[in-house]
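Trainee: Residue numbers (the working numbering), protein chains in the order written: chain A, 10 to 205; chain B, 10 to 205.
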DNA sequence: ATACTTTCTTAACCCAAGTCAATGAATAGG
DNA sequence: CCTATTCATTGACTTGGGTTAAGAAAGTAT
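(1) Please name the residues in the stretch 135–169 of chain B whose beta-carbon is closer than 8 angstroms to at least one beta-carbon of chain A, in chain order.
(2) Would the stretch 71–83 of chain B count as touching the stretch 35–44 of chain B if we require 3 or more Cβ pairs under 8 angstroms?
(3) Does chain B have any CB closer than 8 angstroms to the CB of residue 10(A)?
(4) On the premise that residue 154(A) lies in contact with residue 185(B), defined as a C-beta separation below 8 angstroms, what is that separation, rounded to the nearest angstrom?
(5) What are the residues of the stretch 179–193 of chain B that lie near chain A, defined by any Cβ-Cβ distance shorter than 7 angstroms?
(6) On a Cα-Cα basis, can you pick out the residue from 197(A), 83(A) and 59(A) that is closest to residue 118(A)?
(7) Rounded to the nearest angstrom, what separates residue 146(B) and residue 141(A) at their Cα positions?
(8) Secondary structure at residue 216(A), three-state DSSP: helix, strand or coil?
(9) Using a Cβ cut-off of 8 angstroms (strictly closer), state whether residue 175(B) contacts chain A.
(10) Would you give the residue range spanned by the alpha helix (DSSP H) that residue 26(B) belongs to?
(11) Helix, strand or coil: how does DSSP classify residue 115(B) here?
(12) From what residue to what residue does the alpha helix (DSSP H) around residue 21(B) run?
(13) May I ask you to verify whether the stretch 88–107 of chain A touches the stretch 60–69 of chain A, counting CB pairs closer than 8 angstroms and requiring at least 3?
(14) Against residue 78(A), what residues of chain B qualify as contacts under a CB-to-CB distance less than 8 angstroms, listed in chain order?
(15) Flag this pair as yes or no: are the beta carbons of residue 113(B) and residue 55(B) separated by less than 8 angstroms?
(16) Kindly list the residues whose CB is nearer than 7 angstroms to the CB of residue 182(B), restricted to its own chain and excluding five residues on each side of it in sequence; keep chain order.
(17) In this structure, how does DSSP classify residue 60(A) when only helix, strand and coil are distinguished?
(18) May I ask you to list the residues that DSSP assigns as paired with residue 158(A)?
(19) Using a 10 Å radius around the Cβ and a threshold of 16 neighbouring Cβ atoms, would you call residue 200(A) buried or exposed?
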């Protein structure tokens with residue numbers, strides 16, 4: 010199985026790896042496979058691991074009156090850094106697999122050991138963290154300023170894959186609207202495409 | 010002038026300070042006064058300082074077609090950690106004073122020097138950062154799940170002071186609605202209070 | 001005080017999203 | 001293969017926010 014190469018590919022996006030580094034990553038890394046609907050983290054649990062999605066799709070959500078409120082979708086090469094993992098506090102969210110997934114899990118000590126050995130990776134880790142927080146901020150900005158239809162259009166433009174692999178009612182929840190509304194929005198967009 | 014004591018008060022919330030620490034904070038700290046409408050940070054600038062509001066009110070906003078989109082209000086004892094300060098990248102936002110302000114400004118080297126001398130403050134800094142990020146997340150959750158009226162009700166409940174010191178049209182922008190709508194919401198709330 | 005600016009409110013109209021209910025389409029399980 | 005469930009669409013209706021425009025109220029300056 011060559012699932013180990015996913016992680017090497019991931020880091021290669023940012024940096025050129027030496028042979029030694031490749032070997033260490035292959036040895037150190039723990040890669041697990043999950044079934045659809047497997048739960049990575051439950052509300053109330055304290056996360057002992059962070060994740061990197063190598064293949065598949067994960068949703069982060071919480072329950073309100075038994076309803077799932079979806080906060081985020083993670084797909085290929087998206088890192089997942091649960092607040093619970095960072096703070097050592099009970100998680101406010103669930104993480105569960107929407108598809109069969111291949112996921113690399115990180116622990117604190119392993120990361121620390123890794124960064125100690127290859128300090129040149131530190132700025133990359135920082136950069137990844139920064140860009141995550143910037144993305145969150147942008148999402149909030151859009152949410153405040155764009156009406157539901159524009160939010161959907163933006164999602165279509167920026168993450169077109171999501172719309173094809175995720176059920177619409179989850180997309181609706183993610184966009185903060187009802188499934189019926191999303192259905193009508195799609196219809197509206199479709200008819201405007203034909204005769205402008 | 011005893012403005013120096015603001016900062017001592019701030020840390021005392023979290024930890025009991027020794028006399029030496031109090032002295033150091035008083036010596037090290039730079040406290041500045043600002044006029045209403047003074048700008049702490051402009052879009053495009055790289056922030057060289059972070060802030061702690063000791064007195065007054067600061068807004069964070071950006072411009073869209075010349076319109077202010079308000080993202081956050083900072084008041085007494087709110088720390089301001091601009092993304093631009095953390096990442097050394099041009100700021101996406103403005104920071105400006107809504108009132109005459111007394112603000113403590115922090116620089117990287119000063120913070121580092123301070124934490125080196127008093128490492129027991131490190132967990133406090135981390136905790137403050139965590140709680141900031143948690144607050145942001147909660148705000149987004151509410152924004153997605155609550156209609157404008159409920160958002161305003163929640164603001165009334167959690168930050169009642171804001172509504173009294175900040176112009177309504179800014180509150181409206183912060184809540185992602187038009188000033189006219191906020192006006193109607195207030196009217197609606199008012200009349201429901203009278204005859205239930 | 002007066003004039004001027006800024007801020008807040010009201011009204012009228014439109015339209016998009018929420019809600020409830022029914023029907024179709026797609027999927028999963030046996 | 002058929003059935004049962006889940007998911008998506010559509011319709012009728014209500015509601016609440018956006019928009020435009022006007023005017024009232026509050027704050028500033030002269």
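Note that CB positions come from ideal geometry on N, CA and C, so glycine has one too.
Mentor: Result, derived from the coordinates:
(1) 139, 142, 143, 145, 146, 148, 149, 150, 152, 153 and 154
(2) no
(3) Bear in mind that the predicted position of residue 10(A) carries a pLDDT of just 45, short of 50, making it unreliable; the figure below should be weighed with that in mind. No, residue 10(A) lies away from the interface with chain B (no Cβ there is under 8 angstroms from its Cβ).
(4) 7 angstroms
(5) 185
(6) 59(A)
(7) 13 angstroms
(8) Absent from the model: residue 216(A). The displayed extent of chain A is 10 to 205, so no value can be given.
(9) no
(10) It is not in any alpha helix (DSSP H) - residue 26(B) carries neither H nor E in the DSSP assignment.
(11) strand
(12) 14–21
(13) yes
(14) 150, 153 and 154
(15) no
(16) 77, 78 and 79
(17) strand
(18) Bridge partners of residue 158(A): none, in fact.
(19) exposed
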